[in-house]
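Below is one structure, written out as C-alpha coordinates; the observations come after it.
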Amino acid sequence: MASLENSFTNPAFRAISRSGRWLRDSLQVLPKSSSRLPSHLGKLFDNQFNCRRQVCLELVSLSNSEINGSIPKEIGRLSSVSYIFFSCNHLRGSIPGEVWNLSKLTGLDNFSGSIPSKIGRLSSLSLLLLEANNLTGPTPISIGSLYNLSQLLLVDNSLNGAIPREVGMMKSLNMLDLSINQITGPIPTSLGNLSKLVWLYLYGNLTKLSTLYLLENKLFGSIPQEIGMLVSLTELIFFYNNFSVSISASLGNLTSLSTLYLDQNMFSGSIPASIGNRTKLVGFSLLYNHLSGPIPSFSNLTHLESFQISDNHLGGPLPENYASVDNSYILGLSTTI
1 MASLENSFTN PAFRAISRSG RWLRDSLQVL PKSSSRLPSH LGKLFDNQFN
51 CRRQVCLELV SLSNSEINGS IPKEIGRLSS VSYIFFSCNH LRGSIPGEVW
101 NLSKLTGLDN FSGSIPSKIG RLSSLSLLLL EANNLTGPTP ISIGSLYNLS
151 QLLLVDNSLN GAIPREVGMM KSLNMLDLSI NQITGPIPTS LGNLSKLVWL
201 YLYGNLTKLS TLYLLENKLF GSIPQEIGML VSLTELIFFY NNFSVSISAS
251 LGNLTSLSTL YLDQNMFSGS IPASIGNRTK LVGFSLLYNH LSGPIPSFSN
301 LTHLESFQIS DNHLGGPLPE NYASVDNSYI LGLSTTI
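Residue numbers (full-length UniProt numbering): 1 to 337.
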(Lines of atoms letter the chains of each structure in order from A and count residues from 1; the text may use other names and numbers.)
(Lines give C-alpha, C1' and ligand atoms only; values in the text may rest on other atoms or scores of the structure.)
Protein backbone atom coordinates (compact mmCIF):
# COMPACT_ATOMS: atom_id res chain seq x y z
CA MET A 1 0.00 0.00 0.00
CA ALA A 2 1.47 3.35 -1.00
CA SER A 3 1.52 5.66 1.98
CA LEU A 4 2.64 9.02 3.24
CA GLU A 5 3.06 8.56 6.97
CA ASN A 6 4.65 10.30 9.92
CA SER A 7 4.98 7.43 12.39
CA PHE A 8 5.34 7.69 16.18
CA THR A 9 7.92 4.89 16.18
CA ASN A 10 9.72 5.94 13.01
CA PRO A 11 9.61 9.72 12.47
CA ALA A 12 10.76 9.53 8.87
CA PHE A 13 8.21 9.77 6.12
CA ARG A 14 7.67 6.42 4.50
CA ALA A 15 6.22 5.68 1.10
CA ILE A 16 5.71 1.95 0.98
CA SER A 17 4.68 0.19 -2.18
CA ARG A 18 2.99 -3.17 -2.30
CA SER A 19 6.42 -4.68 -2.97
CA GLY A 20 7.91 -2.86 0.04
CA ARG A 21 10.19 -0.58 -2.02
CA TRP A 22 10.42 3.18 -1.79
CA LEU A 23 8.19 4.87 -4.35
CA ARG A 24 10.80 7.34 -5.51
CA ASP A 25 8.95 7.67 -8.81
CA SER A 26 5.79 8.81 -7.06
CA LEU A 27 7.00 10.75 -4.02
CA GLN A 28 9.56 13.27 -5.21
CA VAL A 29 10.96 14.17 -1.78
CA LEU A 30 11.17 11.88 1.26
CA PRO A 31 12.25 13.81 4.40
CA LYS A 32 14.63 11.73 6.51
CA SER A 33 13.18 12.90 9.82
CA SER A 34 10.18 14.74 11.19
CA SER A 35 12.43 17.77 11.88
CA ARG A 36 12.45 18.44 8.13
CA LEU A 37 8.69 18.23 7.85
CA PRO A 38 7.22 21.59 6.70
CA SER A 39 5.15 23.17 9.45
CA HIS A 40 2.51 24.43 7.01
CA LEU A 41 0.37 21.76 5.38
CA GLY A 42 0.00 23.72 2.15
CA LYS A 43 3.78 23.84 1.71
CA LEU A 44 3.96 20.12 2.25
CA PHE A 45 1.58 19.52 -0.63
CA ASP A 46 3.24 22.16 -2.83
CA ASN A 47 6.90 21.37 -2.15
CA GLN A 48 7.27 17.83 -0.84
CA PHE A 49 5.26 15.90 -3.37
CA ASN A 50 3.15 16.59 -6.41
CA CYS A 51 -0.49 15.58 -5.85
CA ARG A 52 -1.11 15.23 -9.55
CA ARG A 53 1.33 12.32 -9.66
CA GLN A 54 0.07 10.53 -6.54
CA VAL A 55 -2.72 8.50 -8.09
CA CYS A 56 -1.43 5.38 -6.29
CA LEU A 57 -1.19 6.95 -2.83
CA GLU A 58 -3.51 5.12 -0.43
CA LEU A 59 -2.60 6.41 3.04
CA VAL A 60 -1.92 9.94 4.31
CA SER A 61 -1.16 9.88 8.04
CA LEU A 62 0.25 13.10 9.48
CA SER A 63 -1.15 12.84 13.00
CA ASN A 64 0.74 14.59 15.80
CA SER A 65 3.10 16.39 13.42
CA GLU A 66 2.78 20.03 14.63
CA ILE A 67 1.38 21.04 11.23
CA ASN A 68 -0.66 24.23 10.84
CA GLY A 69 -2.61 25.89 8.06
CA SER A 70 -5.64 24.49 6.25
CA ILE A 71 -6.14 21.32 4.24
CA PRO A 72 -5.47 22.21 0.57
CA LYS A 73 -8.01 21.38 -2.10
CA GLU A 74 -5.32 19.51 -4.05
CA ILE A 75 -5.85 16.57 -1.70
CA GLY A 76 -8.87 15.77 -3.85
CA ARG A 77 -6.50 14.58 -6.57
CA LEU A 78 -5.52 11.53 -4.51
CA SER A 79 -8.07 9.34 -6.24
CA SER A 80 -6.79 6.09 -4.67
CA VAL A 81 -6.44 7.31 -1.10
CA SER A 82 -8.19 5.18 1.53
CA TYR A 83 -7.14 6.84 4.81
CA ILE A 84 -6.55 10.49 5.69
CA PHE A 85 -5.43 11.18 9.27
CA PHE A 86 -4.54 14.72 10.39
CA SER A 87 -5.42 14.58 14.10
CA CYS A 88 -3.43 16.29 16.89
CA ASN A 89 -2.16 19.18 14.76
CA HIS A 90 -2.99 22.88 14.52
CA LEU A 91 -5.12 22.87 11.40
CA ARG A 92 -7.86 25.41 10.81
CA GLY A 93 -10.79 25.73 8.47
CA SER A 94 -13.12 23.08 7.13
CA ILE A 95 -12.24 20.12 4.99
CA PRO A 96 -12.25 21.05 1.28
CA GLY A 97 -15.19 19.93 -0.82
CA GLU A 98 -12.90 17.95 -3.12
CA VAL A 99 -12.52 15.30 -0.41
CA TRP A 100 -16.14 14.22 -0.88
CA ASN A 101 -15.24 12.96 -4.37
CA LEU A 102 -12.70 10.44 -3.00
CA SER A 103 -14.87 7.37 -3.52
CA LYS A 104 -12.28 4.93 -2.11
CA LEU A 105 -11.85 6.78 1.18
CA THR A 106 -12.44 4.47 4.15
CA GLY A 107 -10.93 6.45 7.05
CA LEU A 108 -11.12 10.17 7.85
CA ASP A 109 -10.38 12.32 10.87
CA ASN A 110 -9.97 15.92 11.99
CA PHE A 111 -11.88 18.88 10.59
CA SER A 112 -13.88 21.76 11.99
CA GLY A 113 -17.08 23.59 11.11
CA SER A 114 -20.27 21.67 10.41
CA ILE A 115 -20.45 18.13 9.07
CA PRO A 116 -21.46 18.60 5.42
CA SER A 117 -24.29 16.61 3.90
CA LYS A 118 -21.89 15.52 1.15
CA ILE A 119 -20.28 13.15 3.62
CA GLY A 120 -22.95 10.64 2.58
CA ARG A 121 -21.11 10.24 -0.73
CA LEU A 122 -18.24 8.40 0.98
CA SER A 123 -19.96 5.04 0.77
CA SER A 124 -16.72 3.10 1.41
CA LEU A 125 -15.98 4.92 4.66
CA SER A 126 -15.44 2.53 7.58
CA LEU A 127 -13.87 4.90 10.14
CA LEU A 128 -15.04 8.44 10.88
CA LEU A 129 -13.01 9.74 13.82
CA LEU A 130 -13.86 13.38 14.54
CA GLU A 131 -13.46 13.57 18.30
CA ALA A 132 -12.29 16.78 20.02
CA ASN A 133 -12.64 19.06 17.00
CA ASN A 134 -14.71 22.22 16.72
CA LEU A 135 -17.70 20.68 14.99
CA THR A 136 -20.95 22.62 15.21
CA GLY A 137 -24.50 22.29 13.93
CA PRO A 138 -26.62 19.16 13.59
CA THR A 139 -25.54 15.71 12.45
CA PRO A 140 -26.68 15.45 8.79
CA ILE A 141 -29.22 12.78 7.90
CA SER A 142 -27.01 11.78 4.96
CA ILE A 143 -24.70 10.09 7.46
CA GLY A 144 -27.14 7.19 7.34
CA SER A 145 -25.82 6.40 3.85
CA LEU A 146 -22.48 5.27 5.29
CA TYR A 147 -23.48 1.62 5.32
CA ASN A 148 -19.90 0.37 5.72
CA LEU A 149 -19.06 2.57 8.69
CA SER A 150 -17.97 0.56 11.73
CA GLN A 151 -16.85 3.39 14.03
CA LEU A 152 -18.41 6.85 14.34
CA LEU A 153 -16.67 9.01 16.95
CA LEU A 154 -18.02 12.56 17.33
CA VAL A 155 -17.19 12.95 21.04
CA ASP A 156 -16.23 16.32 22.56
CA ASN A 157 -17.57 18.75 19.97
CA SER A 158 -20.41 21.29 19.89
CA LEU A 159 -22.92 19.38 17.80
CA ASN A 160 -26.57 20.19 18.47
CA GLY A 161 -30.01 19.06 17.40
CA ALA A 162 -31.38 15.54 17.57
CA ILE A 163 -29.70 12.25 16.73
CA PRO A 164 -31.03 11.53 13.22
CA ARG A 165 -33.03 8.33 12.96
CA GLU A 166 -31.03 7.54 9.83
CA VAL A 167 -28.16 6.48 12.11
CA GLY A 168 -30.15 3.27 12.54
CA MET A 169 -29.45 2.45 8.88
CA MET A 170 -25.70 2.07 9.52
CA LYS A 171 -25.87 -1.71 9.92
CA SER A 172 -22.07 -2.18 10.18
CA LEU A 173 -21.70 0.17 13.14
CA ASN A 174 -20.11 -1.35 16.25
CA MET A 175 -19.06 1.86 18.02
CA LEU A 176 -21.09 5.08 18.29
CA ASP A 177 -19.78 7.90 20.47
CA LEU A 178 -21.78 11.16 20.52
CA SER A 179 -20.88 12.12 24.08
CA ILE A 180 -19.97 15.61 25.30
CA ASN A 181 -21.94 17.60 22.73
CA GLN A 182 -25.14 19.63 22.92
CA ILE A 183 -27.47 17.02 21.47
CA THR A 184 -31.15 17.28 22.38
CA GLY A 185 -34.34 15.36 21.71
CA PRO A 186 -35.16 11.67 22.09
CA ILE A 187 -32.87 8.73 21.43
CA PRO A 188 -34.22 7.34 18.13
CA THR A 189 -35.75 3.89 18.35
CA SER A 190 -33.96 3.05 15.09
CA LEU A 191 -30.77 2.50 17.12
CA GLY A 192 -32.34 -0.83 17.98
CA ASN A 193 -31.62 -1.90 14.40
CA LEU A 194 -27.86 -1.72 14.96
CA SER A 195 -27.36 -5.42 15.62
CA LYS A 196 -23.54 -5.14 15.56
CA LEU A 197 -23.36 -2.23 18.00
CA VAL A 198 -21.11 -3.00 20.99
CA TRP A 199 -20.19 0.46 22.34
CA LEU A 200 -22.70 3.30 22.68
CA TYR A 201 -21.64 6.54 24.39
CA LEU A 202 -24.11 9.41 24.82
CA TYR A 203 -23.04 10.93 28.13
CA GLY A 204 -22.81 14.66 28.59
CA ASN A 205 -25.78 15.32 26.30
CA LEU A 206 -28.89 13.92 27.93
CA THR A 207 -29.11 16.34 30.84
CA LYS A 208 -32.93 16.29 30.67
CA LEU A 209 -33.26 12.51 30.53
CA SER A 210 -35.60 11.35 33.30
CA THR A 211 -35.93 7.60 32.67
CA LEU A 212 -33.29 5.08 31.58
CA TYR A 213 -34.43 1.46 31.17
CA LEU A 214 -31.81 -1.02 29.94
CA LEU A 215 -33.29 -4.15 31.48
CA GLU A 216 -33.03 -7.68 30.07
CA ASN A 217 -30.16 -7.16 27.67
CA LYS A 218 -26.66 -8.63 27.58
CA LEU A 219 -24.83 -5.45 28.54
CA PHE A 220 -21.52 -5.96 30.31
CA GLY A 221 -18.62 -3.99 31.77
CA SER A 222 -19.04 -1.16 34.25
CA ILE A 223 -21.52 1.70 34.52
CA PRO A 224 -19.55 4.77 33.34
CA GLN A 225 -18.81 7.55 35.81
CA GLU A 226 -20.38 10.01 33.38
CA ILE A 227 -23.84 8.67 34.21
CA GLY A 228 -23.68 11.01 37.18
CA MET A 229 -24.12 13.90 34.72
CA LEU A 230 -27.75 12.89 34.05
CA VAL A 231 -28.99 15.23 36.76
CA SER A 232 -32.67 14.95 35.77
CA LEU A 233 -32.75 11.15 35.96
CA THR A 234 -35.52 9.81 38.21
CA GLU A 235 -35.57 6.12 37.24
CA LEU A 236 -32.53 3.97 36.52
CA ILE A 237 -33.34 0.32 35.82
CA PHE A 238 -30.53 -1.98 34.65
CA PHE A 239 -31.58 -5.40 35.93
CA TYR A 240 -31.02 -8.70 34.08
CA ASN A 241 -27.71 -7.76 32.44
CA ASN A 242 -24.06 -8.70 32.93
CA PHE A 243 -22.71 -5.48 34.42
CA SER A 244 -19.73 -6.13 36.66
CA VAL A 245 -16.95 -4.37 38.58
CA SER A 246 -18.13 -1.95 41.27
CA ILE A 247 -21.23 0.25 41.25
CA SER A 248 -20.27 3.76 40.19
CA ALA A 249 -20.16 6.23 43.08
CA SER A 250 -21.32 8.89 40.61
CA LEU A 251 -24.86 7.54 41.07
CA GLY A 252 -24.80 9.62 44.21
CA ASN A 253 -24.86 12.73 42.01
CA LEU A 254 -28.33 11.90 40.68
CA THR A 255 -30.24 14.28 42.93
CA SER A 256 -33.63 13.52 41.34
CA LEU A 257 -33.32 9.73 41.51
CA SER A 258 -36.34 7.93 42.97
CA THR A 259 -35.88 4.40 41.58
CA LEU A 260 -32.63 2.44 41.34
CA TYR A 261 -32.86 -1.22 40.28
CA LEU A 262 -29.60 -3.02 39.52
CA ASP A 263 -30.83 -6.57 40.20
CA GLN A 264 -29.32 -9.71 38.73
CA ASN A 265 -26.02 -8.43 37.43
CA MET A 266 -22.48 -9.27 38.54
CA PHE A 267 -21.59 -6.15 40.51
CA SER A 268 -18.87 -6.60 43.13
CA GLY A 269 -17.35 -4.38 45.79
CA SER A 270 -19.37 -2.32 48.23
CA ILE A 271 -22.54 -0.26 47.95
CA PRO A 272 -21.44 3.37 47.38
CA ALA A 273 -22.14 5.43 50.49
CA SER A 274 -23.08 8.36 48.23
CA ILE A 275 -26.36 6.62 47.37
CA GLY A 276 -27.42 7.22 50.96
CA ASN A 277 -27.61 10.95 50.19
CA ARG A 278 -30.33 10.57 47.58
CA THR A 279 -33.23 11.74 49.71
CA LYS A 280 -35.86 11.19 46.99
CA LEU A 281 -35.08 7.49 46.64
CA VAL A 282 -38.22 5.34 46.99
CA GLY A 283 -37.24 2.05 45.34
CA PHE A 284 -33.80 0.48 45.77
CA SER A 285 -32.86 -3.05 44.70
CA LEU A 286 -29.53 -4.84 44.34
CA LEU A 287 -30.78 -8.42 44.40
CA TYR A 288 -28.55 -11.24 43.11
CA ASN A 289 -25.17 -9.58 42.70
CA HIS A 290 -21.74 -10.19 44.29
CA LEU A 291 -21.64 -7.18 46.59
CA SER A 292 -19.75 -7.30 49.89
CA GLY A 293 -18.85 -5.09 52.82
CA PRO A 294 -21.10 -3.13 55.19
CA ILE A 295 -24.49 -1.67 54.32
CA PRO A 296 -24.10 2.12 54.27
CA SER A 297 -26.28 4.35 56.40
CA PHE A 298 -29.58 5.17 54.72
CA SER A 299 -30.86 7.42 57.50
CA ASN A 300 -31.49 10.22 54.99
CA LEU A 301 -33.74 8.07 52.81
CA THR A 302 -36.97 8.95 54.57
CA HIS A 303 -39.11 8.12 51.52
CA LEU A 304 -37.67 4.64 51.03
CA GLU A 305 -40.36 1.99 50.51
CA SER A 306 -38.62 -0.83 48.65
CA PHE A 307 -35.23 -2.00 49.94
CA GLN A 308 -33.99 -5.26 48.38
CA ILE A 309 -30.42 -6.45 48.85
CA SER A 310 -30.66 -10.22 49.31
CA ASP A 311 -28.36 -12.77 47.68
CA ASN A 312 -25.19 -10.76 48.09
CA HIS A 313 -22.32 -11.02 50.58
CA LEU A 314 -23.04 -7.92 52.62
CA GLY A 315 -22.47 -7.66 56.37
CA GLY A 316 -22.88 -5.31 59.30
CA PRO A 317 -26.00 -3.77 60.80
CA LEU A 318 -29.16 -2.85 58.93
CA PRO A 319 -29.66 0.78 57.85
CA GLU A 320 -30.65 3.07 60.71
CA ASN A 321 -34.09 3.78 59.24
CA TYR A 322 -34.88 0.10 58.63
CA ALA A 323 -37.84 0.28 61.03
CA SER A 324 -39.42 3.10 59.00
CA VAL A 325 -39.45 1.07 55.79
CA ASP A 326 -42.66 -0.80 54.97
CA ASN A 327 -41.70 -4.42 55.74
CA SER A 328 -44.00 -5.73 53.02
CA TYR A 329 -41.45 -4.49 50.51
CA ILE A 330 -38.36 -5.91 52.23
CA LEU A 331 -37.15 -9.10 50.58
CA GLY A 332 -34.65 -11.68 51.86
CA LEU A 333 -32.45 -9.61 54.12
CA SER A 334 -31.59 -12.72 56.10
CA THR A 335 -29.70 -14.21 53.17
CA THR A 336 -27.55 -11.12 52.96
CA ILE A 337 -26.66 -10.25 56.53
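All C-beta atoms in this analysis are idealised placements derived from N, C-alpha and C, irrespective of residue type, glycine included.
Under DSSP, the beta-bridge partners assigned to Thr211 are Glu235. Between Asp156 and the set Leu130, Thr139, Pro164 and Leu146, the nearest pair of CA atoms involves Leu130.
Asn101 counts as exposed, since fewer than 16 other beta carbons sit within 10 angstroms of its beta carbon.
Comparing C-alpha distances from Ile141 to each of Ile115, Lys171, Ser310 and Phe284 shows the shortest one belongs to Ile115. Under a 10 Å Cβ-count criterion, Ser256 is classified as exposed, with fewer than 16 other Cβ atoms of the shown protein chains found around its own Cβ. Between Ser145 and Ser172, the gap from beta carbon to beta carbon reaches 8 angstroms or more.
Note that the stretch 161–179 touches the stretch 191–209; at least 3 beta-carbon pairs, one per stretch, sit closer than 8 angstroms. Within a 10 Å sphere around the beta-carbon of Met229 sit 16 or more other beta-carbons, which makes this residue buried. Looking at Ile183, Gly185 and Leu287, the one whose alpha-carbon comes closest to that of Ser306 is Leu287. Counting only the Cα atoms, Lys118 lies some 42 angstroms from Phe239. The beta carbons of Gly315 and Pro296 sit about 12 angstroms from each other, so the pair does not count as a contact at 8 angstroms.
Per DSSP, Gly161 is one residue of the beta strand (DSSP E) stretching across Ser158 to Gly161. Burial is judged here by how many other beta carbons sit within 10 angstroms of a residue's own beta carbon; Leu215 has fewer than 16 and is exposed. Taking 8 angstroms as the cut-off, the beta carbon of Leu154 is found closer than this to the beta carbon of Asp177. Residue range His313 to Gly315 is occupied by the beta strand (DSSP E) that includes His313.
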